[in-house]
Every structure is written in C-alpha cells, then in structure tokens.
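Residue numbers are given in this note's numbering: position 118 of the sequence shown equals residue 107, and the series is strictly consecutive.
These notes concern the structure reproduced below.
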Amino acid sequence: MKDEFFSSTEEVFSWLESFSNFEKNSFSLRNFRLDRMETLLDFFGRPHESCRCLHIAGSKGKGSTAAFLASLLKAAGFTTGLYTSPHLVSYKERITLAGEEIANEVFTRQGTILRGRVENAQPEDFPGGEYPTTFELLTCLGFMIFRELGCAWAVLETGMGGRLDATNVVTPAAVILTPIELEHTEYLGETVAAIAEEKAGIIKKGVPVFISPQNPEALAVFRAAAARKGCAVYYLPELFPSITSRTRADGEEAEIHAAENQVPITLRLRLRGAVQAENAALALLAARTVLPEVPLPRLIAGLEDAFIPGRFQKLEDSPPVFVDGSHTPLSAQRLLWSFRELYPSPDTLILGIVGGKRCGEIAAILCPVFRSVIVTTPGTFKASDPGLLHKICLAYNPLARLIPDPAEALTAAKSDIAALGSPQTRAILITGSFYLAGEILKHRSYYCCPQQ
C-alpha cells in the first residue's frame, strides 16, 4: 500500500486509469457486476447513501438533462453533486457541484483515501476475484466527494448501459429516461427494444419514472418495466404535449405548453438546439413532481442557467465556430436542423467519429449539406479510422478532405473561409464525437472551468 498523499489530480486520474478501463478497450457485459461495486462502496461506509439521487439513462441527451436537473436543484437551494461522462478535457468534469469545479485538494484527499483501501485489498476480496474497473473507482470517488461536500442531492448519469452500470447501486427519488436509438449494439443488443431493456434496468420498485419522447418499441419496454416495479410513469409528450423552440445565436428560446392548458412556460436557455428545449422540459417535469414545494420561477432560473460544454457550444465569432459531441444519426439530424436555423446554407463541417459508430448514416445526413467537409481524427482516447471515414464522406461530398490533426483541420477551415470573404456568415461546425470536441477545446485553449 502506498502511504504518500496524491499531490495532484493528474496523479489521481493516472492511478484510476491503471485499472481495467473499458471506455478505452473492448469488453463484454460479463466484465460488469454490481456486487463488485457494492463491495467497493462497503469499504468506505456506503457513501452513495449520504444524499438523495436522480438517476438518468438513455442513448442521447443524458448529459444535458443531468446538467438541467443539477442546475434546477442548485437554484432551489440544494448543494448538488453532478456525475456525468465522458469528459472532454479533464476527468474533473465528471464530478462537479452542479457544473461548478471542485477544488483539487478534495480530489487528492478522497483519491488518497480510495487508493489506500483498494491497494490494501486483494483481487479475491472482490466478487469475481478482480479489482474494480476505472469507471467503478471513479464512481466511488464521486460518491465520496459528494459526501465530503455535504451534498443533499446527486444527479447521476449512467455510462454506457444501465442495468449493470456502476451507478446502478442507488435507489433514487426519480428515474429519468432519455431517447433510445441503436448504439453500442455489440454490447447492449441489436434492437431498440433490447437496448431499452438494458437502460430500463435502473428502474427501481415504486420510484417514479420520467420518459422523454421515444421510439414505440422503447416506450413499450419502459412502460412494461415500470408496471412490473409498480412505478408511476410520466411520459413527456402526454404531460407537455407542445414544446416549441427557436435557436438563436445566444441560446435557445423555448415555450412549453402543459396538457392542462395552463399559461405556457417560456425559457431562454444557454444551451442551444431544439433538443435542449426537450431536455429542459423533461428535467422540469421531474423536478416539479419530485419537489412540488419549490416555486416555478426558481426552477426556470435553474434551467436557464444550466450549461455543459461540448453541446452546440460557440467557440469563436469570426468566423463562427461551433462544437458539438453528436455521434449518432438522430443526434446529427437534430443538430443539423438547429444549425440551419442559424445558417441556412451551411459552410464548413469538420467531422471525426470513433470506431463502432454508424459512420455511413451520419455522413449521409451531414456531408451533402455543407459546402466544405474536412475529416479529422477524434483524438486518441478511442480507436478511429479517419481514412475510412474520408472515403465514406467522399460518396456524399466529392470535395471532402482528410486532415488528421484536429487543430490543423480547424486552421485550414478558417483559412478557407478567410479567402472566401464574409467570415461572420460562414460558420464552422465541428462534430461526430465528444472526444473530437475535447481535442478542439484542449488544443485551441477554449476550455476553461466546467461552469463557464
């Protein structure tokens, strides 16, 4: 066992990554087991039981919905922990106080406690005879930090699935389910229904379930799972049947109409995109049900203040540069709709997608619409094949280019626009992966504290 204190957060995260990191490497669902996570939490006095929780699963919109919920709770006066993934630049982004950065010394102190106990254990001390994974240790660290900081609430986003996710050790005050589409099919199943079954694994007995608009197959799975557990179901389209929005340069203008024909709720969100109006409405529905005593104006203030990086985020003005982590066909389509509200004739796309994603479908949606397409590498955290993606993109845009380095790709895009003139009307959209978003934020020094 090491006795020395971690001297930096980088040391903490380097130690965490020395364990099995299935975000980087291939795996099977057999690698996941909740009893190992339960044992790990037992080592530290079950820190996940120190606060009330909201638990979120889905294919798209989890992170943004989590950010809205945490911001709502903060506006209501609660100290609120927020646990999300993946990160863009630093693991610190995953564990925050409603998006606000937590001091380094909290990470190093709790990380030292975590390491001391884990390194004093043997693999056979854990179910299955294996040490916890990186994600399990990171999740435990999040719970330990939230307990130290006296959080009354924690908002938890699942990682890839739900049923066997390391966060699925809590009995939450509410379960929130965001849209389901085909993703991680090699691990979660090859149909929408099979994937929904994995996500529905976070539903707990008697806990209310809040569901975003869904594919009929996914909705049927969620309703059936909720019925088996005796849970009340709140389906967003039934309770908020009309959600309209308009994407503006400074955010999203939204109007939410309740089924009871009440006065519509109007919002000016910092987060851009029509999908964010839907995510905000889902968060509002859950908060008004779980916390009916909190005045609506406070909840609205929380929604309007919410922010999470890498979601249709504007980085520069001349030319306008936007970055978004969309990496599925549905999210790419919805991003394009909102982008074209600002720029009806899209100019430049920088696209980078990691392996295992539906590259052809995403390229078919985006590439024909843009004047210029540049294919690049979405970082090194996960494997990718930019050369193959470039060949795919050429079928939809014969002028597509390959520039492997993301920073060089952005420099080239800006130079092209400068040569054409009117830089303020020729916007650049960077998308395809949160890992690409992280590379851009890191290399171009756009990234700052999580809350900004």
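Just so it is clear, CB atoms sit at the ideal spot from N, CA and C, and this is done for glycine as well.
Just so it is clear, the structure is predicted and the values come from calculations on it, not from any experiment.
Inter-segment contact for the region 306 to 316 and the region 407 to 423 is present: three or more beta-carbon pairs are separated by less than 8 Å. Segment contact: the region 27 to 34 against the region 161 to 170, fewer than three CB-CB distances shorter than 8 Å; contact not assigned. The C-alpha of residue 347 is placed about 7 Å away from the C-alpha of residue 317. Rounded to the nearest angstrom, the gap between the Cα atoms of residue 7 and residue 390 is 37 Å. In the assembly as shown, residue 265 is a buried residue. Its beta-carbon has 16 or more other beta-carbons within 10 Å. Contact annotation, residue 80 with residue 2: C-beta distance approximately 4 Å; criterion of less than 8 Å satisfied. For residue 45, DSSP records a beta bridge to 146 and 165. If you draw a straight line from the Cα of residue 275 to the Cα of residue 54, it comes to about 11 Å. Excluding residues up to 5 positions away in sequence, 64 lie with their Cβ nearer than 8 Å to the Cβ of residue 290 in the same chain.
Its Cα nearest to that of residue 148, the residue 76 stands out among 59, 76, 357 and 88. Under DSSP, the beta-bridge partners assigned to residue 309 are 306. Leaving aside the five residues that flank residue 187 on each side, the residues in its chain whose CB is nearer than 6 Å to its CB run, in chain order, 150, 151, 152 and 177. In its chain, beyond the 5 residues on either side, 316, 348, 351, 367, 373, 378, 421 and 422 have a beta carbon closer than 7 Å to the beta carbon of residue 342.
At a Cβ-Cβ threshold of 8 Å, residue 140 and residue 69 count as neighbours. The same chain holds no residue with a CB closer than 7 Å to that of residue 384 once the five nearest residues on each side in sequence are set aside. Its Cα nearest to that of residue 50, the residue 261 stands out among 261, 409, 37 and 24. By the criterion of a C-beta distance shorter than 8 Å, residue 134 is surrounded in its chain by 70, 84, 91, 95, 96 and 99, once the five residues flanking it on both sides are discounted. Taking the Cα of residue 358 as reference, the smallest distance to any Cα among 321, 158, 40 and 380 is reached at 321. In the three-state reduction of the DSSP assignment, residue 297 falls in the coil class.
Ranking 232, 233, 217 and 212 by CA distance to the CA of residue 223 puts 212 first. By a beta-carbon distance limit of 8 Å, residue 355 contacts residue 340. Their separation comes to about 7 Å.
Residue 338 and residue 361 have their C-alpha atoms spaced approximately 6 Å apart.
Along the length of the region 355 to 413, whole alpha helix (DSSP H) runs at least 4 residues long occupy 375 to 383 and 395 to 409, reported in chain order. Under the three-state reduction of DSSP output, residue 243 falls in the strand class.
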